[in-house]
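See below for the structure under consideration.
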Amino acid sequence: MTAQQARPRRRLSFPPLSVSRLRTEVLAGLVVALALIPEAISFSIIAGVDPRVGLFASFTMAVSTAFLGGRPAMISAATGAMALVVAPLAREHGVDHLIAATILAGVFQVVLGLLGVAKLMRFVPPSVMTGFVNALAILIFLAQVPHFAGEGWPVYALIAGGLAVIFLLPRLTSAVPAPLVAIVVLTGIALVSGVTVPTVGDMGELPSSLPVPFLPGVPLTWETLTLIAPYSLTLALVGLMESLMTAKLVDDVTETRSAKGREARGQGFANIVTGLFGGMAGCAMIGQTMINVRSGARTRLSTFLAGAFLLILVVVLGDVVAVIPMAALVAVMIFVSITTMDWHSITPATLRRMPWTETAIMVITVAVVVATHNLAIGVIVGVLASTALFARGVADLSGVTSVLDPEGGVRVYSVRGDLFFASSNELTSQFDYGEEGVQRVVIDLSRAHMWDSSAVAALDHAVDKFAKHGISAEITGLNIPSENLHTELTGTLNAAH
110 MTAQQARPRR RLSFPPLSVS RLRTEVLAGL VVALALIPEA ISFSIIAGVD
160 PRVGLFASFT MAVSTAFLGG RPAMISAATG AMALVVAPLA REHGVDHLIA
210 ATILAGVFQV VLGLLGVAKL MRFVPPSVMT GFVNALAILI FLAQVPHFAG
260 EGWPVYALIA GGLAVIFLLP RLTSAVPAPL VAIVVLTGIA LVSGVTVPTV
310 GDMGELPSSL PVPFLPGVPL TWETLTLIAP YSLTLALVGL MESLMTAKLV
360 DDVTETRSAK GREARGQGFA NIVTGLFGGM AGCAMIGQTM INVRSGARTR
410 LSTFLAGAFL LILVVVLGDV VAVIPMAALV AVMIFVSITT MDWHSITPAT
460 LRRMPWTETA IMVITVAVVV ATHNLAIGVI VGVLASTALF ARGVADLSGV
510 TSVLDPEGGV RVYSVRGDLF FASSNELTSQ FDYGEEGVQR VVIDLSRAHM
560 WDSSAVAALD HAVDKFAKHG ISAEITGLNI PSENLHTELT GTLNAAH
């Protein structure tokens with residue numbers, strides 16, 4: 110067999126599709142592109158830059174991750190979380206420093222992806238994931254409120270009509286995505302009736318030319334690096350966390366698996382490309398991803414077309430897109446919010462059945478995300494809370510029982526459970542160091558496991574304390590890992606503990 114024959118074939122990024130699948134992917138990509146436009150403009154305003162920065166970023170992120178990402182059908186673009194991170198940098202040092210920070214963030218993400226950071230996703234418990242999803246649904250809805258609050262009954266009527274189309278049309282036909290039909294119908298109604306309502310064009314000026322590659326005009330000095338590096342590292346971590354959480358969500362919804370490591374690296378390469386084309390940093394957009402998935406998209410083609418359609422819509426068909434009423438896009442996003450929410454997780458029956466700790470973790474995650482408007486912070490706090498509650502629960506399972514030898518003189522203590530920093534502190538208080546008539550004690554650890562130095566220190570302390578009362582102590586029953594740990598550390602810790 111030749112080397113060429115032995116080399117495995119690469120899978121095509123866009124495998125052959127049936128006509129019905131192709132139609133679904135194309136229409137889903139179009140719906141997502143329409144939904145991306147006002148979001149990208151809004152995030153540009155948050156970051157304090159021209160709308161074209163956010164729009165071009167959404168184009169390059171979507172197209173790049175279509176080829177380089179690890180989760181088919183996931184949409185990456187400019188996002189609010191990333192805009193909030195770089196807003197101070199853009200405000201104080203200008204857009205060139207923002208672009209340089211975007212490129213460096215991409216480099217950080219590629220490095221983190223190569224180091225296997227995606228594997229950390231397995232430490233995110235289901236309760237945090239549920240809180241993440243519910244908080245996301247709340248944030249998507251809250252983000253729409255400024256677009257209709259106080260705008261008057263015509264806007265409210267259009268939103269209600271759009272929701273009616275989106276929810277009722279699938280009962281008649283699924284040939285065309287209901288959100289796309291709602292956008293077309295509401296735009297027609299607004300134009301024919303002549304009613305004055307906020308439109309996409311009111312959000313900001315759409316670009317009229319294609320993006321071109323260039324290098325940011327910043328000095329290549331150590332001072333520049335130290336200035337942008339903290340922003341870039343924060344962008345890299347926030348972007349990876351949101352992207353990997355979104356990929357996991359899509360995995361669950363579509364019942365398929367994604368390549369998390371490839372996604373992490375793909376996000377990095379996409380941000381490098383985005384920076385070179387003058388865009389701001391981006392990551393996976395959960396709302397637009399859910400639009401894509403709920404519209405039936407399952408392949409990379411929809412992701413690519415979302416970016417391609419976005420560029421065509423804003424550059425070639427900008428005048429047409431500008432007249433779309435914001436109420437139409439608000440209706441689509443409210444639909445996404447409703448369908449994203451895990452309603453089963455908050456029913457009284459579920460809340461009664463679930464352990465209080467898991468409910469508490471879900472509520473903590475939701476509360477932090479909604480309070481900070483930052484999904485990454487909420488997930489970190491949720492994981493930390495889950496870790497603390499888990500450690501507390503495991504520590505409560507440990508304990509000590511004892512029996513006195515019938516012939517007297519020997520007390521056998523049986524220790525059970527996992528011994529680590531949260532449980533070993535209570536271990537020493539469960540021994541009777543001055544028991545009359547006892548000359549020897551046996552501490553049996555056959556039903557226990559030692560995890561860290563605090564367990565070794567606690568046992569050393571107990572042995573020393575028994576010795577002070579004239580009682581010899583013997584430790585038995587250690588499993589191999591515990592024995593290795595005990596042998597390595599015993600006698601070296603008490604002075605420090």
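Note that the working numbering has the sequence shown beginning at 110, numbered continuously upward.
Note that the Cβ used here is the ideal one computed from N, Cα and C, for glycine as well.
Item	Value
Reference residue 411, options 155, 185, 454, closest by Cα	185
Integer-rounded CB distance, given that residue 345 should sit under 8 Å from residue 529	At roughly 32 Å, the Cβ-Cβ gap does not stay under 8 Å, so residue 529 and residue 345 are not in contact.
Unbroken stretches of the beta strand (DSSP E), 3 residues or longer, contained in the segment 448 to 528	508 to 513, 519 to 528
Residue 170 versus residue 486: straight-line alpha-carbon distance, rounded	23 Å
Cβ pair residue 249, residue 459 closer than 9 Å	no
Nearest neighbour of residue 523, chosen from 551, 222, 497 [CA to CA]	551
Segment limits, beta strand (DSSP E) that includes residue 570	Per DSSP, residue 570 belongs to no beta strand (DSSP E); it is in the alpha helix (DSSP H), 562 to 577.
Rounded straight-line distance, which links the Cα of residue 241 to that of residue 570	44 Å
Short Cβ contact (9 Å threshold) for residue 553 with residue 585	yes
Residue nearest to residue 245 in terms of C-alpha spacing, selected from 462, 597, 451, 535	451
Ordered list of beta strand (DSSP E) runs contained in the segment 162 to 194, each at least 3 residues	185 to 187
Pick from 556, 578, 572, 576 that is closest to residue 589, judged by C-alpha positions	556
Three-way DSSP call (helix, strand, coil) for residue 393 in this model	strand
Sub-9 Å separation of residue 211 and residue 416 beta-carbons	no
Nearest-angstrom Cβ-Cβ length linking residue 359 and residue 398, presumed shorter than 8 Å	6 Å
Short Cβ contact (9 Å threshold) for residue 173 with residue 379	yes
Proximity of residue 477 and residue 491 at Cβ, strictly below 9 Å	yes
Where residue 201 falls: helix, strand or coil (DSSP)	helix
One or two residues paired with residue 559 in a DSSP bridge	528
Stretch-stretch touch, CB-based, cutoff 8 Å, three pairs: the segment 430 to 439 with the segment 195 to 204	no
Cβ-Cβ distance between residue 209 and residue 395 below 9 Å	no
Reduced DSSP category for residue 319 - H, G, I as helix; E, B as strand; rest coil	coil
Given 8 Å, three or more beta-carbon pairs between the segment 539 to 551 and the segment 510 to 520	yes
Own chain partners of residue 119 with C-beta closer than 6 Å, once the 5 adjacent residues on each side are dropped	At residue 119 the pLDDT is 45, less than 50, meaning the model places this residue with poor confidence and gives no usable figure here.
Best match in 307, 256, 237, 577 for proximity to residue 469 [C-alpha to C-alpha]	237
Cβ distance (whole Å) where residue 370 is taken to contact residue 214 below 8 Å	Going by Cβ atoms, the distance from residue 370 to residue 214 rounds to 18 Å, so no, they are not a contact pair.
Residue 373 vs residue 179 beta-carbon contact at 9 Å	yes
Minimum length 4: unbroken alpha helix (DSSP H) runs contained in the segment 259 to 288	262 to 281
Distance CB(residue 139)-CB(residue 414) smaller than 9 Å	yes
Inter-residue spacing [alpha-carbon to alpha-carbon] between residue 461 and residue 294	44 Å
Backbone CA spacing between residue 508 and residue 583 [nearest angstrom]	18 Å
Contact under 9 Å by Cβ, residue 267 with residue 287	no
Bridge-paired residues (DSSP) for residue 549	519, 581
Which residues DSSP lists as bridging residue 308, in chain order	434
Burial state of residue 498 (16 or more Cβ within 10 Å)	buried
Close-in-space but distant-in-sequence residues of the same chain around residue 562 (CB under 7 Å, 5 per side omitted)	598, 602
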